[in-house]
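For reference, the structure discussed in these notes is given below.
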Amino acid sequence: MASSRSVSVKDVAAAAGVSLGTVSNVLNRPDRVSASTRQRVQAAMAELGFVRNESARQLRAGTSRTLAYVMLDAGNPFFTDVALGVESAAEEQGLTVMLCNSANREARERAHVELLEQQRVQGVLVTPVDPHAAFLDHLAARGTPVVIVDRTRDDEAFCSVAVDDVLGGRLAVEHLIDLGHERVAFVGGPVSIGQVRDRLRGAREAWADAGRPEEDLVVLETDQLVVPEGREAGARLAGLAARRRPTAAFCANDLLALGLLQHAISTGRSVPEDLAIVGYDDIEFAAAAAVPLTSVRQPRHLLGRTAAELVLSEASDADHRHQQVLFTPELVARASTTGR
Numbered sequence: 071m072a073s074s075r076s077v078s079v080k081d082v083a084a085a086a087g088v089s090l091g092t093v094s095n096v097l098n099r100p101d102r103v104s105a106s107t108r109q110r111v112q113a114a115m116a117e118l119g120f121v122r123n124e125s126a127r128q129l130r131a132g133t134s135r136t137l138a139y140v141m142l143d144a145g146n147p148f149f150t151d152v153a154l155g156v157e158s159a160a161e162e163q164g165l166t167v168m169l170c171n172s173a174n175r176e177a178r179e180r181a182h183v184e185l186l187e188q189q190r191v192q193g194v195l196v197t198p199v200d201p202h203a204a205f206l207d208h209l210a211a212r213g214t215p216v217v218i219v220d221r222t223r224d225d226e227a228f229c230s231v232a233v234d235d236v237l238g239g240r241l242a243v244e245h246l247i248d249l250g251h252e253r254v255a256f257v258g259g260p261v262s263i264g265q266v267r268d269r270l271r272g273a274r275e276a277w278a279d280a281g282r283p284e285e286d287l288v289v290l291e292t293d294q295l296v297v298p299e300g301r302e303a304g305a306r307l308a309g310l311a312a313r314r315r316p317t318a319a320f321c322a323n324d325l326l327a328l329g330l331l332q333h334a335i336s337t338g339r340s341v342p343e344d345l346a347i348v349g350y351d352d353i354e355f356a357a358a359a360a361v362p363l364t365s366v367r368q369p370r371h372l373l374g375r376t377a378a379e380l381v382l383s384e385a386s387d388a389d390h391r392h393q394q395v396l397f398t399p400e401l402v403a404r405a406s407t408t409g410r
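Note that this note's numbering has the sequence shown beginning at 71, numbered continuously upward.
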């Protein structure tokens with residue numbers, strides 16, 4: 071068998087006894103070829119080891135059969151769950167998905183986006199470090215459809231898909247207030263991340279509406295939204311004077327909450343009796359943990375699927391209009407970390 075790199079369309083046509091146009095139709099418009107001829111051409115391809123040159127096809131067509139998702143943090147299961155939703159929608163359209171990780175670095179995000187544009191992807195889904203970054207506007211202006219995922223913008227220049235994080239913050243803290251907690255910690259950061267700001271805003275609104283003193287909602291800012299930062303926040307929390315120490319904590323994501331839970335258990339504190347904990351995202355780890363977390367659930371797969379459907383609509387529909395989709399979060403209460 072010849073090397074697949076050396077087998078051309080001409081070789082396939084000769085082996086199958088058909089024209090170049092027939093081989094092209096089998097590759098690109100199989101419905102135009104009779105079943106018997108299509109089978110003969112496909113058999114020749116298999117015998118010769120033919121592999122189509124997708125790069126050449128992209129060059130001729132000006133686009134690929136690929137979507138791209140630039141996620142903020144590949145280490146956070148929330149974003150990989152969103153990616154699964156993207157893949158499910160793409161697969162239904164015969165497309166593949168290229169996943170990129172910005173690691174919360176704008177320079178890396180920009181480099182990914184520039185390379186994806188060169189690859190002529192059909193559309194870019196991005197959870198951006200800064201949703202107002204100028205390079206995103208430039209990408210769209212040059213013709214690549216872009217959808218903002220898990221973020222919002224102040225304008226309607228793009229489609230966006232997000233969750234009402236202000237409401238999510240309210241739901242978490244209202245639950246803790248209903249349980250009778252008079253001092254609550256908010257654990258999260260950095261506050262430069264839009265979701266963290268919105269979740270903190272919702273927490274503060276719920277606290278103020280309940281008539282609670284502002285200083286009794288204690289903010290413990292973290293450098294990242296990761297498990298070790300949750301453990302470190304737990305140490306800071308334990309170090310507060312007993313009379314000022316919160317009896318409950320609302321964490322800006324589940325990874326922080328799991329770290330806080332680990333610290334509490336390792337230092338002999340009882341959860342939820344000594345410390346009630348609420349996370350955010352309701353990733354699978356939250357429910358599957360040895361002590362399942364109460365958490366604010368986001369529709370992760372639906373976020374990804376909806377974003378993919380919007381970018382495909384923009385890529386194929388000349389009458390497409392940008393939409394800003396905002397989903398409603400849901401509190402999932404588990405007695406193991408909040409008592410009920």
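By construction, the Cβ of each residue, glycine as well, lies at the ideal position given by its N, Cα and C atoms.
| task | Determine the contact status of THR292 and GLU285, defining contact as a CB-CB distance below 8 Å. | result | No, the Cβ-Cβ distance between THR292 and GLU285 is not below 8 Å.
| request: Could you say which of PRO215, ALA210, PHE228 and ARG271 lies nearest to ASP235 if we only look at CA atoms? | output: Nearest C-alpha to ASP235: ARG271.
| query | So which of GLY259, PRO369 and ARG267 has the shortest CA-CA distance to VAL296? | reply | Proximity to VAL296 across GLY259, PRO369 and ARG267 peaks at GLY259, based on C-alpha coordinates.
| message | I'd like the list of long-range same chain contacts for ALA85, defined as Cβ closer than 8 Å, with 5 residues on each side in sequence excluded. | response | Only ALA114, GLU117 and LEU118 meet the Cβ criterion.
| message | Less than 8 Å between C-beta atoms, sequence neighbours within five positions excluded: which residues of the same chain meet that for ARG130? | response | Caution applies to ARG130, whose pLDDT of 48 falls short of 50 and renders its modelled position unreliable; the model cannot decide the point.
| said: Which of the three DSSP states is assigned to ILE353 in this structure? | reply: Coil, per DSSP.
| What does DSSP give as the partner residues of ALA232 in its beta bridges? | Beta-bridge pairing links ALA232 to LEU396.
| request: Ignore the nearest five residues each way along the sequence and tell me which others in ASP220's own chain have a CB closer than 6 Å to its CB. | output: Once the five neighbours on either side are set aside, the close Cβ partners of ASP220 are THR197 and ALA232.
| said: Could you check whether ASP151 and ILE353 sit closer than 8 Å to each other, using their CB atoms as the reference points? | reply: Judged by their CB atoms, ILE353 and ASP151 are nearer to each other than the 8 Å cut-off.
| request: Helix, strand or coil for SER365, going by three-state DSSP, please let me know. | output: Strand, per DSSP.
| field | Short Cβ contact (8 Å threshold) for ALA360 with VAL156 | value | In this structure, VAL156 does not lie closer than 8 Å to ALA360 by Cβ.
| field | Beta-carbon proximity of THR398 to VAL341, cut-off 8 Å | value | Contact flag unset, no.
| said: Suppose contacts are defined by Cβ-Cβ distances below 8 Å. Is LEU401 in contact with ALA303 by that definition? | reply: Contact: no.
| Going by beta carbon distance, what residues of the same chain come within less than 7 Å of GLY87, once the five residues before and after it are set aside? | None.
| Leaving out five residues before and five after VAL395 in sequence, what residues of the same chain have Cβ atoms less than 8 Å from its Cβ? | Around VAL395: CYS229, SER230, VAL231, ALA232, THR376 and LEU380.
| field | Alpha-carbon to alpha-carbon, PRO283 and GLY132 | value | Reliability fails at GLY132, whose pLDDT of 49 lies under 50, so the model's placement of it is uncertain and the value that follows must be treated cautiously. About 60 Å.
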